[in-house]
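Everything on this sheet refers to the single structure shown next.
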Ligand code: ADP
Ligand code: MG
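Residue numbers (the numbering used here): 4 to 241.
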């Protein structure tokens, strides 16, 4: 299988604090990868470095063979890297449809009727068709999460990183979001799912990588990784 993302020897410091140290990870095109690790282990920082929200201090990030580690975030988005945010950041006073028009305009350079038609199509995939004209601050938690994914999809990504899209959701809502992520993957989109809900990680991922204190401590099938003593220790606390 072709490699879509290759992270090599990645390092990131905040002042004197090492948030990521020598992180190396290859993701195959079309893969469903689960990224786990206790709070503060560096998951969001890794995604910030991949998406360009932060610049890495060491190592490299190659996307489709191209070193993107010095490219600004919007260029990486154009190349096909999209992410949803752990804390949704909607334009609260805009409708759901208008929220999607923003990435359409700025990333794809399309607007007007064509953008609206495509936005409605994406909202349909997310089960949000009826909410298109609802102001986004009227949405429920699960609808907000879906809108976050819809906004990421408006950039037509090849790689989608979902950062705890299921946190705080009820069981049936978790299943709804999982179904959406599976469908997007079936369309050929590579997905990295960061998630604390272990059942969701286990059922979704073909492979799981576990971070602890900024380093990868396990990389393998979900079954093998959850049984890894180092992973179990990391979750129980040292
Ligand atoms: P996770 O997503 O796995 O919970 P994060 O990547 O958010 O972990 O954080 C990893 C570590 O880096 C934490 O100790 C956090 O406090 C620290 N950190 C994250 N972002 C910053 C920042 N912008 N400035 C300083 N420290 C940060
Ligand atoms: Mg995080």
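No residue lacks a Cβ here, since even glycine has one placed at the ideal position from N, Cα and C. All values reported here derive from a predicted model rather than from experimental measurement.
For residue 122, the number of other beta carbons within 10 angstroms of its own is at least 16, and it is reported as buried.
Relative to the ligand ADP, the beta carbon of residue 54 is positioned no closer than 6 Å to any heavy atom.
Within the model, the alpha-carbon separation for residue 6 versus residue 188 is close to 16 Å. Straight-line spacing of the CA atoms in residue 51 and residue 180 works out to 22 Å. Secondary structure remark: continuous beta strand (DSSP E) runs of at least 3 residues inside the region 45-116, in chain order: 61-66, 84-87. Shortest gap from the CB of residue 67 to any heavy atom of the ligand ADP: 6 Å or more. Proximity of the beta carbon of residue 15 to the ligand MG is not indicated: no heavy atom of the ligand is located closer than 6 Å. Residue 178: member of the alpha helix (DSSP H) spanning 174-189, first to last residue. The three-state reading of DSSP puts residue 163 in strand, counting E and B together. At a Cβ-Cβ threshold of 7 Å, residue 150 and residue 183 do not count as neighbours.
Close to the ligand MG, as judged by a C-beta nearer than 7 Å to any of its heavy atoms, are the residues 46, 47, 89, 166, 167, 197, in chain order. Annotation for residue 22 indicates a beta carbon within 6 Å of some heavy atom of the ligand ADP.
The beta carbon of residue 154 lies closer than 7 Å to those of 102, 103, 106 in the same chain, with the five residues before and after it left out. Here DSSP, grouped into helix, strand and coil, assigns residue 208 to coil. Sequence-distant Cβ neighbours of residue 74 in its own chain, meaning closer than 7 Å and more than five residues away, are 55. Minimum Cα-Cα distance from residue 126 among the listed residues 99, 163, 113, 78 corresponds to 99.
Here the C-alpha atom of residue 32 lies approximately 16 Å from the C-alpha atom of residue 86.
Beyond the five residues adjoining it in sequence on each side, residue 156 comes within less than 6 Å, by CB distance, of 125 in the same chain, given in chain order. The beta carbon of residue 4 is closer than 8 Å to those of 31, 32, 33, 34 in its chain, skipping five residues each way along the sequence. Annotation: residue 206 to residue 57 spans about 30 Å, alpha carbon to alpha carbon.
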